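Under numbering that gives the first Met the number 0, think of the first position of the sequence shown as 0, with each following residue one higher.
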Amino acid sequence: MARPVTFRHVMEYAAFRVCLAVLRLLPERWALALGGALGWFAGAVVRVRRDVTDSNLARCFPDQDQRWRDQIALASYRNLGREAVAIFLFAGESPERVIERTPNPSGGEPLLEAVNGGRGAILLTGHLGNWELAGAAVAARGVPLAAVAVRQANRLFDNELMRNRGRLGISIIRRGDAPLDVIRTLRAGRVAGLVADQNVRRGGLFVDFLGTPASTARGPALLALRANVPLLLGSCVALDGEPGRYQCELEEITCERTGDLHEDVRQLTAAHVSALAERVRRNPAQYFWQHRRWRTSPPDAAG
């Protein structure tokens, strides 16, 4: 159920619209740079979730010194600010323009094969680079994509985000409706997109992510195995020195079937989490270290 709109929500949305209007008056490179500067300010001065960010980096990169981790932390905030601006600046762009921003994607053949064969597929991504544009890059190339999305607390902002996704060719499945709607999407030969690196409070599978067990949703792997559709990992990372342009990479994730569904789900889940971890290691400055990925501990963890 949609949350009621409060006066605070109206004021927040009004401020957002004013900021967006100002950003759209600037050359794109300047607007993206300003977003990056605002992200840096949030991390270096206001220190929004800086304790979480520092803790996550120390957990995942214990062999790196503090100076390196501080540099990655601030780069992550800059990336977050820049890509937040990019999401709204790029909304409404034509498929051709989205393709120009994401040239030469790699690894998309299994996805196209599945869709052309009427099978459908599950496409996972993580909080790396610009995950919104990752979906847009797929949709712009004619792939029918329905993304599972969480409803934002501010309904006005949520509506704006939904409109932006729609302009980019992405239909929406609300998380509460996800199990049934994802199955319908796959049966229709379409692609279901999910962000797969969020902490699961209850019922998750604990698999290794960057050196620590992380509670992970079992649903994507379970649905892929039961529907007999391919599961792919996609990412879209910003290119160095080329603001507004990205490298998209898709990879089919597989595991050896054992005949034991529970074990197969565990192995496929571990495989896609491991694949995402490898991409994060390659681009740590573009990962969203601010979220509490390891908030839920394994039941046998000490303390």
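Virtual Cβ for every residue (Gly too), placed ideally from N, Cα, C. Bear in mind the structure is a predicted one, so any value in this text is a computation, not a measurement.
| Check | Outcome |
| --- | --- |
| Cα-Cα separation, G258 to E82 | 42 Å |
| Euclidean distance between Cα positions of R150 and D157 | 6 Å |
| CA-to-CA distance, Y12 to L238, given in whole angstroms | 31 Å |
| Exposure of L260, with buried meaning 16 or more beta-carbon neighbours within 10 Å | exposed |
| Cβ-Cβ distance between L144 and G134 below 8 Å | yes |
| Beta-carbon proximity list for R256, same chain, < 7 Å, skipping 5 on both sides | D263 |
| Among L22, H290, L111, nearest to N55 - alpha-carbon criterion | H290 |
| Limits of the beta strand (DSSP E) - the one that F208 falls within | 204-208 |
| Anticipated Cβ contact below 8 Å, L303 with A220, distance rounded | Given that the chain is displayed from residue 0 to residue 302, the structure contains no residue 303 and the question cannot be resolved. |
| Closest residue to G165 among A223, I71, E131, G175 (Cα-Cα distance) | E131 |
| G240, DSSP secondary structure in three states | coil |
| Host beta strand (DSSP E) of S105 (start-end) | From DSSP, S105 is part of no beta strand (DSSP E); its letter is neither H nor E. |
| Pick from G203, A270, A14, Q285 that is closest to P297, judged by C-alpha positions | G203 |
| Assigned exposure category for E250 - 16 Cβ within 10 Å defines buried | buried |
| Within 8 Å, strictly: CB atoms of L231 and P109 | yes |
| Distance between beta carbons of A195 and G119, contact taken as under 8 Å | That belief does not hold up - the Cβ atoms of G119 and A195 are roughly 17 Å apart, past 8 Å. |
| Spatial distance of F40 from Y76 (CA atoms) | 8 Å |
| Given N129 as reference, the closest of A85, T253, A139 once Cα atoms are compared | A85 |
| Counted within 10 angstroms of its Cβ, other Cβ atoms place L31 as buried (16 or more) or exposed | buried |
| Buried versus exposed, by CB contacts within 10 Å (16 or more), N227 | exposed |
| Residues bridged to P212 [DSSP beta-bridge criterion] | D207 |
| Rounded separation between G116 and T184 - CA only | 14 Å |
| G192 versus L160: straight-line alpha-carbon distance, rounded | 16 Å |
| Check whether L37 and L25 have beta carbons under 8 Å apart | no |
| F60 beta carbon less than 8 Å from that of R68 | yes |
| Identified DSSP bridge partners for C18 | Paired residues: none, contrary to the question. |
| Bounding residues of the alpha helix (DSSP H) (the contiguous stretch that carries G134) | 130-139 |
| Within-8 Å CB hit, L19 to chain B | You won't find chain B in this structure, because it holds only one protein chain. |
| Assumed close pair R154, H8 - CB separation to whole angstroms, cut-off 8 Å | 7 Å |
| Option in L79, G42, P3 with minimal Cα separation from Y286 | L79 |
| Backbone CA spacing between D62 and R280 [nearest angstrom] | 13 Å |
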